[in-house]
Amino acid sequence: MTMATQYATTKVSYTFGIVHPSNADIRFVGSDNSSADPAARVLRVTNNASGSRTVVISLGDWMPSSVKNYTAVFAIVNEEGFKVNITHINVSGTGASNISIYLHGNRTTDAASEVASAKVLSVRAGVSQHTTANCEWVLGAGDGNTSTMNGSTYATRILTPWDVTSHVRYNDTTVRYAKNNSYDYVWVQISISVSSTAPDQAAATGQIWIHFKATTHS
191 MTMATQYATT KVSYTFGIVH PSNADIRFVG SDNSSADPAA RVLRVTNNAS
241 GSRTVVISLG DWMPSSVKNY TAVFAIVNEE GFKVNITHIN VSGTGASNIS
291 IYLHGNRTTD AASEVASAKV LSVRAGVSQH TTANCEWVLG AGDGNTSTMN
341 GSTYATRILT PWDVTSHVRY NDTTVRYAKN NSYDYVWVQI SISVSSTAPD
391 QAAATGQIWI HFKATTHS
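Using this note's numbering, read the sequence shown as starting at 191 and increasing by one per residue.
Rendered as structure tokens:
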């Protein structure tokens, strides 16, 4: 018997877009104003006019023995047409041990005082509390409309117009409560805690890594 090797070539096209961070399928929406610059939000985009945009948060300058809670640094919003899990968050860089992070429902309330079902402590003093095996919060399916959070229903919708100073979309609706495994957003609280013996130092810099997972097959 004679064996023959056969080869074939075919093709498939692909598309994707590189968009402004406030218009992505998983996006951040600003809320709290910065203590360092009250005219701007904690969340902002630098180099907005260039092709090198960077999403940053400015958490201010604090002396020893200070504790500062930003209850709504930003919202994480899902515009995908299916649910997305936030598995865990980790922090790296200088001063990371001063940072704690909650995911929670009420942007105007310190997460520590909310009921257990409305909050998740994700990072404590710089240490991630969960791993890829966990699911801290489930973002509900989105609708692809970056001008709103949580769809078009008036009772739950949040408008997200542009902030031309910080170059991000921001919350422009009275208090709405994020709901785990239901609404397409969650509020991120970041707390800075500086010990009484902390030395003076130049501005701390680092990264916050937010990890997502979604199962899209049926």
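Think of the CB as a built atom: it goes at the ideal place given N, C-alpha and C, for glycine as much as any other residue.
The model shown is predicted, which means the values in this text are computed figures rather than measured ones.
Apply the 10 Å Cβ neighbour rule to F206 and answer buried if 16 or more other Cβ atoms are within range, or exposed otherwise.
exposed
CA nearest to the CA of T346, picked from G285, S381, G334, Y375:
Y375
Report the CB separation of K273 from A404 in whole angstroms; it is logged as a contact under 8 Å.
7 Å
Alpha carbons only, please: which of H401, T406, D390 is nearest the one belonging to T284?
D390
Going by other Cβ atoms of all chains shown within 10 Å of its Cβ, with 16 needed for buried, is W399 buried or exposed?
exposed
With the cut-off set at 8 Å, would you say W327 and N370 are in Cβ contact?
yes
Name the DSSP beta bridge partners of N280, please?
W399
Supposed contact pair G396 and S225 - C-beta distance, whole angstroms, cut 8 Å
Contact flag wrong, Cβ pair sits at about 18 Å.
Sequence-distant residues of the same chain with beta carbon closer than 6 Å to A265, five excluded per side
V219, Y375, W377
Could you tell me whether the region 294-311 touches the region 355-374, where touching means 3 or more Cβ pairs closer than 8 Å?
yes
Suppose you measure from the CA of T298 to the CA of N361; what does that come to, to the nearest Å?
12 Å
Who are the near neighbours of G271 in its chain, counting only those whose CB is closer than 6 Å to its CB and skipping five residues on each side?
A331
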